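**Q** So the sequence lines, in the order shown, correspond to chains V and H. Position in the first sequence (from 1) plus 890 gives the number in the working numbering. Position in the second sequence (from 1) plus 2 gives the number in the working numbering.
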Amino acid sequence: MQSAWWMAFAFLAALVETGMGNAGIPVPAFLAAAFCLFVITANRFLLLPLGLLGLTLDIVLCRGSLLTPLLLLAVAAFAARWRRHGDCRLRVLQALPGFVLGLGWVWAAALMENLPRQPGAPFPLAHVVGQSLAAGVAGAVALPVAVAFYDAAAGRLGLPSYRRVQQSEGGAHGA
Amino acid sequence: MAVGLFVAVLMALALILHVVPPLRSGFAGVMQPFLRGMQAMHGTWLAASSRLPATEGQRARLRRLEQEVDRLRVQAAQGRQAVEELRELQQFLDLGETADWRLIVAPVIARDPLSWSHAFRIGKGLGQGVRLGAAVMTGGAVIGRVTSVGAGTAEVATVFSPDTALSVQVQGNDAIGVLGGRTDDPGLCLVSYLPRDKTYEAGEAVRTSGLSDVIPGGLPVGVVAVWDEDRTARVVDATYAQLHLRPDAPAEGFRYVLVVSRGP
Chain V
891 MQSAWWMAFA FLAALVETGM GNAGIPVPAF LAAAFCLFVI TANRFLLLPL GLLGLTLDIV
951 LCRGSLLTPL LLLAVAAFAA RWRRHGDCRL RVLQALPGFV LGLGWVWAAA LMENLPRQPG
1011 APFPLAHVVG QSLAAGVAGA VALPVAVAFY DAAAGRLGLP SYRRVQQSEG GAHGA
Chain H
3 MAVGLFVAVL MALALILHVV PPLRSGFAGV MQPFLRGMQA MHGTWLAASS RLPATEGQRA
63 RLRRLEQEVD RLRVQAAQGR QAVEELRELQ QFLDLGETAD WRLIVAPVIA RDPLSWSHAF
123 RIGKGLGQGV RLGAAVMTGG AVIGRVTSVG AGTAEVATVF SPDTALSVQV QGNDAIGVLG
183 GRTDDPGLCL VSYLPRDKTY EAGEAVRTSG LSDVIPGGLP VGVVAVWDED RTARVVDATY
243 AQLHLRPDAP AEGFRYVLVV SRGP
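#1: Is it buried or exposed, Pro35 of chain H, if we count other Cβ atoms within 10 angstroms and call 16 or more buried?
#2: For Gly909 of chain V and Ala112 of chain H, what's the separation of their Cα atoms in angstroms?
#3: Grab the span of the beta strand (DSSP E) containing Met139 of chain H for me, first residue to last.
#4: Establish whether the CB of Ala78 of chain H and some CB of chain V are separated by less than 8 Å.
#5: Just the C-alpha distance for Ala1044 of chain V and Leu937 of chain V, rounded to the nearest angstrom, thanks.
#6: With distance defined between alpha-carbon atoms, name the residue in H:Ile106, H:Arg198, H:Gln69 and H:Leu247 nearest to Val208 of chain H.
#7: Closer than 7 Å, Cβ to any Cβ of chain H: which residues of the stretch 956-968 of chain V, in chain order?
#8: Who are Arg184 of chain H's beta bridge partners in DSSP?
#9: I'd like to know if the stretch 970-990 of chain V and the stretch 937-953 of chain V are in contact, where contact means that at least 3 CB-CB pairs between them fall below 8 Å.
#10: Since Lys126 of chain H and Ala137 of chain H are thought to touch, with beta carbons under 8 Å apart, how far apart are those beta carbons, to the nearest angstrom?
#11: Going by other Cβ atoms of all chains shown within 10 Å of its Cβ, with 16 needed for buried, is Phe968 of chain V buried or exposed?
#12: Against chain V, with Cβ distances strictly below 8 Å, would Arg38 of chain H count as a contact?
#13: Measuring alpha carbon to alpha carbon, tell me which of H:Arg89, H:Thr149 and H:Val85 ends up nearest Ser27 of chain H.
#14: Within the continuous beta strand (DSSP E) that includes His246 of chain H, where are the two ends?
#15: Short of 9 Å Cβ to Cβ, which residues in the stretch 903-931 of chain V face chain H?
#16: Can you find the residues in the same chain that come closer than 6 Å, C-beta to C-beta, to Tyr202 of chain H, ignoring five residues on each side of it along the sequence?
#17: Can you give the beta carbon distance from Ala177 of chain H to Leu196 of chain H, rounded, assuming they're within the 8 Å contact cut?
#18: Quick check for students: name the residue ranges of the alpha helix (DSSP H) that lie wholly in the stretch 980-1059 of chain V, counting only runs of 4 or more.
#19: Helix, strand or coil: which one does DSSP assign to Val965 of chain V?
#20: Could you round the C-beta distance between Gly179 of chain H and Ser194 of chain H to whole angstroms and report it? I think they count as a contact, below 8 Å.
#21: In terms of residue numbering, what span does the beta strand (DSSP E) encompassing Thr160 of chain H cover?
#22: Can you tell me which residues form a DSSP beta bridge with Leu196 of chain H?
#23: Could you give the DSSP three-state label for Phe920 of chain V: helix, strand or coil?
#24: What in chain V is Cβ-close to Phe256 of chain H, meaning under 8 Å?
#25: By the criterion of Cβ-Cβ separation under 7 Å, what are the contact partners of Gly941 of chain V in chain H?
#26: Hey, is Arg953 of chain V's beta-carbon within less than 8 Å of any beta-carbon in chain H?
#27: Could you have a look at Trp103 of chain H and say whether DSSP puts it in helix, strand or coil?
#28: So, at 7 Å on beta carbons, what are the nonlocal neighbours of Gln1021 of chain V in its own chain, with the 5 sequence-adjacent residues on each side left out?
#29: From the beta carbon of Val226 of chain H, is the nearest beta carbon of chain V less than 8 Å away?
#30: Grouping DSSP H, G and I as helix and E and B as strand, with all else coil, what is Arg953 of chain V?
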């Protein structure tokens, strides 16, 4: 039940990312969902299904690199750090890791797509700076929304909550 | 140790799935029904958001007319190509087979916001007659070509992508080059491997060369743009030159494309 909900949540995020992408809006919805799940579970074996789903997303969006599966490793590490040292209770504070996710997403894409494709690279620097700021803002909105959506459903399904993850670990916050 | 091994296996698996074309196409097909559904919802939303009842009808009529214009332009290009072929073949007794082209209207179902004008996915594939390497048109001009095709979807690299590698001909001097790749100006793309001993004028039309088996000749692609203040082409080495091309096709804002694929 729990695993099915996690994967449905990640899949919905992938659909949102694709739908917003079709409208030209860069939203790191899948990475935000993955971050949310890694914070809640701290289970690295979640990398496998999320990696395959991320790979599917990359292929559907015609990306020429393994952007999302590779970024998931960094997101898992970032989530572990946020779980220990960040604040999961206040929803508005989740905008901060969301902004970082958006920035990292665009810069990683620029690095990975530009390197093997010179000359005629798809990402000029001005484009990358503009896109990363836009994606950062979008991420700052997407992560709190993802957390709110997850917690609303988790409360009804009796699953672990994002906001209470540090309480359930005996007050790890601030340690 | 165990986690490192797990990550290595995951990455190897991802790399294999990413690189092997049939697996890549198969994975793309997994999300196809959802993407088609989202596209239908988007169309419904557009229709619902219109205040005037006739607007959607007008939009549909405009779409039909644009598709008709695209079809007629392709037919005209085919006619021009046929005349040129006829002139060449009149010298011979044995005339070759005439190419038979199918025109397939396909919806754009996914685009990456990170490289918006670089590649996109269309909602038709092998099952509907789309072939690998086929030309893809919008706004009456070539926007790219099919670089990967699955059962129900296909991946299109645009003229701004180095993966396109489209053979084109400059109409003023019949010079042939290879189109594909972005320039510093986001509205221009690059034509390489042109003969350096020809003269190139800004505004000259560039069309598909017809040298490929999978793309008809004479399809409009764009016009020669100014390279810098005093020249239109850059000499690369003793043999080749490059020029910038302004595509006739819009880089964004289209929801349907026309795939020109060899029949039946």
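We treat Cβ as the ideally placed atom computed from N, Cα and C, and that holds for glycine. All values derive from a computational prediction rather than experimental measurement.
**A** With the given structure in hand:
#1: exposed
#2: 8 Å
#3: Ala137 to Thr140
#4: no
#5: 21 Å
#6: H:Leu247
#7: Leu956, Pro959 and Leu963
#8: H:Cys191
#9: no
#10: Their Cβ separation, rounded to whole angstroms, is 14 Å, which puts Lys126 of chain H and Ala137 of chain H out of contact at 8 Å.
#11: buried
#12: no
#13: H:Thr149
#14: Tyr242 to Pro249
#15: Ala904, Leu905, Glu907, Thr908, Gly909, Met910, Gly911, Asn912, Ala913, Gly914, Ile915, Pro916 and Val917
#16: Val226, Thr234, Ala235 and Leu245
#17: 5 Å
#18: 985-1004, 1015-1047 and 1055-1058
#19: helix
#20: 6 Å
#21: Ala156 to Thr160
#22: H:Ala243
#23: helix
#24: Per Cβ cutoff of 8 Å: no residues; Phe256 of chain H is ~12 Å from chain V at best.
#25: Leu12 and Ala16
#26: yes
#27: strand
#28: Pro916 and Val996
#29: no
#30: coil
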